[in-house]
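Working notes, structure below.
Protein chains: 4
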Amino acid sequence: MSIVVIYGSARQNGNTEKLTERVIEGLEVEEIYLRDHTIKPIDDQRHAEGGFAEVDDDYNGLVERMMKHETFIFATPIYWYSMPGTMKNFFDRWSQTMRDKKFPDFRAELGTKKAYVVAVGGDKPMIKGLPLIQQFNYIFDFMSMSFEGYVLGKASRPGDISQDKTAFAAAAHLNEKLKNS
Amino acid sequence: MSIVVIYGSARQNGNTEKLTERVIEGLEVEEIYLRDHTIKPIDDQRHAEGGFAEVDDDYNGLVERMMKHETFIFATPIYWYSMPGTMKNFFDRWSQTMRDKKFPDFRAELGTKKAYVVAVGGDKPMIKGLPLIQQFNYIFDFMSMSFEGYVLGKASRPGDISQDKTAFAAAAHLNEKLKNS
Amino acid sequence: MSIVVIYGSARQNGNTEKLTERVIEGLEVEEIYLRDHTIKPIDDQRHAEGGFAEVDDDYNGLVERMMKHETFIFATPIYWYSMPGTMKNFFDRWSQTMRDKKFPDFRAELGTKKAYVVAVGGDKPMIKGLPLIQQFNYIFDFMSMSFEGYVLGKASRPGDISQDKTAFAAAAHLNEKLKNS
Amino acid sequence: MSIVVIYGSARQNGNTEKLTERVIEGLEVEEIYLRDHTIKPIDDQRHAEGGFAEVDDDYNGLVERMMKHETFIFATPIYWYSMPGTMKNFFDRWSQTMRDKKFPDFRAELGTKKAYVVAVGGDKPMIKGLPLIQQFNYIFDFMSMSFEGYVLGKASRPGDISQDKTAFAAAAHLNEKLKNS
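Protein chains in written order, with my numbering: chain A, 354 to 534; chain B, 354 to 534; chain C, 354 to 534; chain D, 354 to 534.
Shown next, in the form of C-alpha cells:
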C-alpha cells in the first residue's frame, strides 16, 4: 500500500498538518501541498466544440503524482464550512481529466483507490463539518472510490489542535490501521 | 430593496444563469460574474505578524459592489456537490475582509443583508445539493445574514434546465416575492 | 396512477394536513391517518430463532392498503427535527415485513413505487428539516423507490401554514404534476 | 458527574449495548432501557383548550430518573437511518413536559446537561448516520444542552460490532474522557 497526502491548507505547519502528521507517523508517504502549485479554476468546456483546451499550470503533474498511489488522504482545513477554494479547484478540474486523452483510465483507476479525509475547523467541526464529509462521500461514490474513514479536528489559532484529544485518538487509531493494511 | 446577483458559473449562458434569469425577471439588479474577475486564493495570515498583506486582484472591488445592495443572490452551478473553486475563493477571502481596516463594518453590515441561493447540478441536486445549502446556511448564520430561501435546479447539458418545471415554478414564485418586497 | 397519502400528524386538521390538501386537490387519493391505528414498535427478532412473531395490531392492514397504490405521499409534521414516533414505528416495522411470508414481494414491489414527502415544522424547516429529507432519501434508496420530490412548510400554531406562500406555491406545482402524470 | 444511559435498542445485548458497555466501563451509571417501559406517542395538545391531558404510562417516571443526572448518553441502534420509534416517542413527549407544571424547570435544567450519542447501524453509519447526528444536535441546541460527542458504530448481525475497531477506539477514548471529567 502506497499513500499520498493532498494538503489543502493555506498555512504552513498549521493545525491540519499537525493532526495529519499523527495519522502518517512512521509511514512513508508522498505529500502534495496544493498551495505550492498553480491550479487554475476549471474553464467548463464540457459542451464546447473541441472539448477542453489544454491548461498551462501544475494540475496535470499533481494528478500524475497522486495516481501512483493506492491510498489518498485529503487533509484540509475547514474554511467557511468547506474545503478551501484551492482544493476545490483541484477537484473541479477532475471534470476535465475525465475527458482528457492523456488520462484515459482516470475514472476506472480512481475506482480502485481508498480515500480518507482529515479536516480541521474552528466552529464546531464535529457538526458543522458534516456537510463537507457528505460532499467528499458523494465525490468518492461518483468515482467508485472507497471512503474508508475521516477524522474531524477542532482548532482555530496555531497550535490549538493539540488540545483536541478526541481527534488525536482518532488519528492514532487511523495510523495503526494504515500501518497494518 | 436593491439586489445583487453573484454568479459562480464558469460557463456563459449556462443552466444556472437561465434559471436565475427567471428569478430576476423584470427586476433591476446588479450582476457580478466571478469568472470575469481575478480572485486569488486566501493567503491565511490571520495569525501572522502584521496580519494580512494587501492582495492585488479584483476581490475588494467586488466586495464594494456587493455591499451596496440589501439582497444577495448567490447563483452557482453545483460542481462536485459544492460551489466552484472560484466562488469558494471569494468566500474564503471574507476572512481577510473581516480584519481589513478598509472594511471596518463588513460583518455588522452583512448582518443586515438578505440572502438567497440558486444552485443547479446534474446529479440529483434535490438531495445531493443539500450539504451545499447547509454550508450556505452556516456562512449566513455566522454573519447573521438572513437566509431567505433557495432554489435547486437539475441540469447537465446546455439547455437542460428548461425541463426542470419544479425549479422554474420555485424561481417564478421567488420572482414574485422579490417584486413585492 | 393511484395515490395514497400516509399522514403522521398527531393532530387533526393541522398544518401538515392543510398543506397536503393543496397537494392532492382534485385528485382521488386514499388517506391513511396513522394516529387512528395501533402500530406497535418493532420487536427486533431478525436474528431470533423462528424469526419474527406475528404482531396483533393494525400494521399489516395498513401495509396492504398502501401497497395497492403506485404513488406514496408521506405527509408528516416535523417533531424534534424528524418524523413523529408513530410514523417511525410504521417504517421500523418494514424490517419485519421484508421477512414476512405474507408479503413475499414487499421489497420488489416497493421498487416500483414513487414517493413524495410533505413535511411541516416550526423551527426553520427549510434548513433543519433537511436531515429528515436525507433520511427519507436513504429509505427510498434502500427500497429502490423513486424519490420524486418534497415540499417543506413552516408552521407552528394552528393555521400558520397559510402564511407560507412558498410552500403553497410548491404544493400547487406538485398538484399540477400529479394531475398530469 | 453523574451519568444516565438511555437505550433505544429493541433487542437485548445487541450491538449498540455492547459498544456502549465499552463507553461506560468502570463507571457508575444509571441505565434506562426504553423497551422495558410503556411510552405512548404524543397526543399533540399544545394548542388545545386546557392543554395536555395527563398520560397514564411510564414516561414521567423515566424523565424524573433521567433529570437526576448531569450527563446523558443516548445509545441507539440506527433503524431506517434514524432512532427507533420508541426512542422518538420519548423525545416527542418532551413537547408535553415543556408545558407540564410538574416539571416547571425542565428546559432550564436541560440547559445544564451534557449529552453524548452512541449510534450503531448496518448500512454505512459513518455517512448515513450523519442526518441522525444532525438531528440530535438540533434537539440539544434547542434545549441549550451541550453536545459533547458521538460514536458511530457499524454492525448488523449479533456480535458484528466487535469488528468495528474504529468505533471501539472512539468508545475507549470517550470512556477515558468520562472517567477524567
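Heads up, the beta-carbon is just placed ideally off N, CA and C, and yes, glycines get one too.
Note that the structure is predicted; figures quoted are calculated from it, not measured.
CA-to-CA, the gap between C:Ile514 and D:Met479 works out to about 36 Å.
Identification of residues in the stretch 449 to 465 of chain D having a C-beta nearer than 9 Å to some C-beta of chain C yields an empty set. Judged by their CB atoms, A:Ile426 and A:Ile492 are not nearer to each other than the 9 Å cut-off. B:Gly379 is not a Cβ neighbour of B:Thr369, given a cutoff of 9 Å. Contact between the stretch 465 to 473 of chain D and the stretch 501 to 520 of chain D is present: 3 or more CB-CB pairs across the two stretches fall below 8 Å. Assignment of B:Lys467 by DSSP, reduced to helix, strand and coil, places it in the strand class.
According to the DSSP assignment, A:Thr373 belongs to the alpha helix (DSSP H) that extends over 368 to 376. With a contact defined as Cβ atoms closer than 8 Å, C:Asp396 and D:Ala508 miss out at about 19 Å.
Annotation for D:Arg460: Met451, Met496 place their beta carbon closer than 7 Å to its own, counting only its chain and skipping 5 residues before and after.
For C:Gly438, there is no enclosing beta strand (DSSP E); the residue is found in the alpha helix (DSSP H) stretching over 438 to 445. When Cβ pairs closer than 8 Å are counted between the two stretches, the stretch 410 to 417 of chain C is seen not to touch the stretch 516 to 531 of chain B, the count staying below three. Taking the C-beta atoms as reference points, D:Thr465 is found no nearer than 9 Å to A:His526.
Looking at the DSSP output, C:Leu505 sits in a beta bridge with C:Ala472. Note on geometry: alpha-carbon atoms of C:Tyr434 and D:Phe405 lie some 21 Å from one another. Annotated as proximal: C:Leu483 and B:Gln487, with beta-carbon spacing under 9 Å.
Pairing A:Ile385 with A:Val358 gives a Cβ-Cβ distance under 9 Å.
Close partners of D:Asp397 in chain C (Cβ separation under 7 Å): Ala363, Arg364.
Looking from the CA of C:Lys481, the closest CA among C:Thr424, C:Leu505, C:Ala524 belongs to C:Leu505.
A:Trp447 is the residue among A:Lys467, A:Trp447, A:Ala468 whose C-alpha sits nearest the C-alpha of A:Asp458. D:Met354 is classed as exposed because its beta carbon has fewer than 16 other beta carbons within 10 Å across all chains shown. Residue-level contact by beta carbon holds for D:Tyr434 and chain C, with a gap shorter than 9 Å. Straight across, the Cα-Cα distance linking C:Phe444 with C:Ala468 is about 14 Å. Within chain D, no residue has its CB atom less than 7 Å from the CB of C:Pro478, the nearest being about 11 Å off.
Going by DSSP, B:Ile356 is part of the beta strand (DSSP E) stretching over 356 to 360. With respect to D:Lys393, D:Asn442 sits close: the two C-beta atoms are nearer than 9 Å. Looking at A:Gly367, A:Asn490, A:Asp494, A:Glu501, the one whose alpha-carbon comes closest to that of B:Ala401 is A:Gly367. In this structure, the CA atom of C:Arg375 is about 9 Å from the CA atom of C:Ala522. Neighbours of C:Asn528 in chain B, taken as residues at a C-beta separation under 8 Å, are lacking, since the least C-beta distance is about 11 Å. Neighbours of B:His390 in chain A, taken as residues whose beta carbon is under 7 Å from its own, are absent, since the nearest beta carbon is some 11 Å off.
For B:Glu462, the closest alpha carbon among the candidates B:Gly438, B:Pro430, B:Ser499, B:Thr439 is that of B:Ser499. At a cut-off of 9 Å between beta carbons, C:Lys507 makes no contact with chain D. A Cβ-Cβ distance of about 6 Å is found for the pair B:Thr439 and B:Arg388, placing them in contact under the 8 Å criterion. Under the DSSP assignment, B:Pro430 falls in the beta strand (DSSP E) whose first and last residues are 424 to 430.
Buried is the label assigned to B:Gln449, since at least 16 other Cβ atoms lie within 10 Å of its Cβ.
Taking all protein chains shown into account, A:Thr391 has fewer than 16 neighbouring C-beta atoms within 10 Å of its C-beta and is therefore exposed.
With a beta-carbon spacing of about 11 Å, A:His422 and A:Glu381 fall beyond the 8 Å limit used to define contacts.
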